[in-house]
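Numbers -15 to -1, 1 to 168, taken from mature numbering (1 follows the signal peptide of the UniProt record, and there is no 0), label the letters of the sequence shown in order.
Notes follow the structure.
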Amino acid sequence: MACFHGLVARRLAAAFVSFVFISSLLQHGELDLMGEAVQLPSMDLTAQSRNILGIEVNVTTTGRGFVGGVANVGKMMEMTGEEVCSKDDIVVHQEATPPLPSGIPTYTVQVLNTCPSGCAVAGIHLSCGWYSSARLVDPRIFRRLSYNDCLVNDGASLPAGDSISFQYANSFRYPLSVSSVTC
């Protein structure tokens, strides 16, 4: 539930910052009706980076005040040269499910891409210890490459909002967490 609240907070923060940014551009006449930025007259601009509710925001000001900002918007990569996804966009949810007939506990794992800017995330690696399963798991969905390194979805991209799930069986639950992704 904490992951859900964190996701909601990030999305609300991104929506708020986007709203403030677009409102400011419209107010100052720096955005035309087609939604494209208009060339700004030459002025003394100061750019700084701020963290608002866990989202990095690049804010531009003049001597007169706020001009604009960019935060987790679709064109952020073009504007800042930074990637728009991170390993924090991947949520791993795991819960116990009914055991195998032999009595071995089973667990269902869901890996979800929550990227608020709509980015596809590939090369999802999870920290997984010595993961193994008494139930066969399709290796294209999830497999251990080496100690503490498991690969999700055969390394293929997982579109925003999509999830992939699998079930494994073991006498104990493996702690699974995202170790790296490729944007």
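No residue lacks a Cβ here, since even glycine has one placed at the ideal position from N, Cα and C.
Reduced DSSP category for asparagine 133 - H, G, I as helix; E, B as strand; rest coil:
coil
Could you pull out every residue in the same chain whose Cβ sits closer than 7 Å to the Cβ of leucine 130, ignoring the five residues on either side in sequence?
Leu136
Short of 8 Å in beta carbon distance, which residues of its chain neighbour serine 148, apart from the five on each side in sequence? Order them along the chain.
Gln95, Val96, Leu97, Asn98
Around the Cβ of phenylalanine 157, are there at least 16 other Cβ atoms within 10 angstroms (buried) or fewer (exposed)?
exposed
Inter-residue Cα distance where the pair is valine 69 and serine 87:
45 Å
DSSP puts arginine 163 in a beta bridge; with which residues?
Contrary to the premise, residue 163 reads as valine rather than arginine in this sequence. Bridge partners of valine 163: Leu111.
Distance check for leucine 85 and cysteine 168, CA to CA, integer angstroms please.
37 Å
Does the structure place the region 72 to 83 close enough to the region 115 to 133 that three or more beta carbon pairs sit under 8 Å?
no
Classify asparagine 155 as helix, strand or coil using the three-state DSSP reduction.
coil
Note down, in chain order, each residue of its chain lying with its Cβ closer than 7 Å to the Cβ of glycine 20, except the 5 sequence neighbours on either side.
With a pLDDT of 40 at glycine 20, under the threshold of 50, the modelled position of this residue cannot be trusted; read the value that follows with caution. So the list is empty, once near-sequence residues are dropped.
What residues in its chain sit with their C-beta under 6 Å from that of isoleucine 89, if we drop five residues either side in the sequence?
Ala119, Ala154
Valine 94, enclosing beta strand (DSSP E) - first and last residue:
91 to 98
Beta-carbon within less than 7 Å of phenylalanine 127's beta-carbon, same chain only, minus the 5 sequence neighbours each way: which residues are those?
Cys135, Val137, Phe151
Does the distance from the C-beta atom of serine 165 to that of glycine 108 stay below 9 Å?
yes
Proximity to asparagine 133 [Cα-Cα], best of His110, Gly146, Leu121:
His110
From the DSSP output, which residues share a beta bridge with leucine 143?
Val106
Output needed for proline 124: all residues of its chain with C-beta closer than 6 Å, excluding positions within five of it in sequence on either side, in chain order.
none
Distance, Cα to Cα, valine 106 vs alanine 141?
8 Å
Serine 162 to tyrosine 92, Cα distance in whole Å?
15 Å
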